[in-house]
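J.:
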């Protein structure tokens, strides 16, 4: 007779890349880099609600992009040792849209500015 298995606990931890690897938005979600993925954790539900994959090396920084009107964030930036900056956008409470930008060096921190994002997106389109 086969024994059934059930996952009772799954753990992940933030990368040891400094304080920039974790970002708490105005909403309920905490975003952090764990290995090559961005983890979205909802502390009210006490569970991981999303895993964003796209980096090929360690994630060093994650930052929610604050909205000027004070509403919940819908965009998230992640950067890592793979020299990639990824802009994630929530659409209908999911994160299907991803825009990537190849950088010249690994990224260790982000300060979201309109110039940085538009420059990244222009570079990607050329």
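Numbering (full-length UniProt numbering), first residue to last: 1 to 126. We treat Cβ as the ideally placed atom computed from N, Cα and C, and that holds for glycine.
#1: What separation, rounded to the nearest whole angstrom, lies between the Cα atoms of residue 6 and residue 48?
#2: What would DSSP say about residue 20, mapped onto helix, strand or coil?
#3: Check residue 68 in the structure and name its three-state DSSP category.
#4: Just the Cα atoms here: how many angstroms apart are residue 87 and residue 51?
#5: Bridge partners of residue 29, per DSSP?
#6: From the DSSP output, in three-state form, read off residue 87 for me.
#7: One question on the structure: do residue 66 and residue 81 come within less than 7 Å of each other, judged by their Cβ atoms?
#8: Straight-line CA distance for residue 12 to residue 41?
#9: The beta strand (DSSP E) with residue 45 in it runs from where to where?
#10: Mind checking residue 23: buried by the 16 CB within 10 Å criterion, or exposed?
#11: Counting along the chain, where does the beta strand (DSSP E) carrying residue 79 start and finish?
#12: At the level of alpha carbons, what is the spacing between residue 37 and residue 70?
T.: In this structure, then:
#1: C-alpha separation (whole angstroms): 17 Å.
#2: If DSSP states are grouped into helix, strand and coil, residue 20 belongs with the helices.
#3: DSSP places residue 68 in coil when its eight states are reduced to three.
#4: Pairing residue 87 with residue 51, the inter-Cα distance amounts to about 14 Å.
#5: Per DSSP, none; premise fails for residue 29.
#6: Reduced to three states, the DSSP call for residue 87 is strand.
#7: Against a cut-off of 7 Å, the Cβ pair of residue 81 and residue 66 comes out as no contact.
#8: Their Cα atoms are separated by approximately 10 Å.
#9: Unbroken run through residue 45: none, as it is neither H nor E.
#10: By the C-beta density criterion, residue 23 is buried, having at least 16 other C-beta atoms within 10 angstroms.
#11: In the DSSP assignment, residue 79 falls within the unbroken beta strand (DSSP E) covering 75–80.
#12: Distance between the alpha carbons of residue 37 and residue 70 is about 27 Å.
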